[in-house]
Amino acid sequence: MSETFENVTIIKKANVYFGGQVTSRTVQFADGSKKTLGFMQAGDYEFGTEAPELMEMLGGSMDVKLDGSDEWNTYAEGQSFNVPGNSKFSLKVAEGGADYCCTYLS
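Numbering (our numbering), first residue to last: 8 to 113.
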């Protein structure tokens, strides 16, 4: 995982979900690709995807259950997981929250 991004555009307006419990900022790259950098407060969440996603854990941890699975997996700082496109995934974030980077894959 790279510590920095070079030559990017940051969208100033925040993406806010679940009453402010989850927030992120969009980072756009010159090639048209995008990522979001965000933080999730402790809680239980469900998200839907359009494109496949790579979720990288920058801090904290979360339990993740992908669509169609009964299994929960825990991911912590330095780990990552993939989410299929056109699906849903459930998250349980522990006290202290989770810092993440989401890459939208095409």
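Cβ atoms here follow ideal geometry from the backbone N, Cα and C, with glycine treated the same way.
Would residue 100 and residue 47 qualify as a contact pair, given that the criterion is a beta-carbon distance under 8 Å?
Yes, the pair counts as a contact, with Cβ atoms nearer than the cut-off.
Reduced DSSP category for residue 75 - H, G, I as helix; E, B as strand; rest coil:
Shown here, residue 75 sits in coil according to DSSP, grouped into three states, outside any helix or strand.
Just checking, does the segment 60–76 make contact with the segment 95–112 on the three C-beta pairs under 8 Å criterion?
A contact between stretches requires three or more CB pairs, one per stretch, nearer than 8 Å, and the segment 60–76 meets this requirement with the segment 95–112.
Identify which residue in 66, 83, 94, 51 has its Cα closest to the Cα of residue 76.
The shortest C-alpha separation from residue 76 is found at 94.
Can you tell me which residues form a DSSP beta bridge with residue 105?
Note: residue 105 sits in a beta bridge opposite 47, 67.
Counting C-beta neighbours from all protein chains within 10 Å, is the total for residue 71 16 or more, i.e. buried, or is it exposed?
Residue 71 counts as buried, since at least 16 other C-beta atoms from the protein chains shown sit within 10 angstroms of its C-beta.
Shortest alpha-carbon distance to residue 39 belongs to which of 68, 16, 89?
Of the candidates 68, 16, 89, 16 places its Cα closest to the Cα of residue 39.
On the three-state DSSP scale, how would you describe residue 55?
Here residue 55 sits in strand by DSSP.
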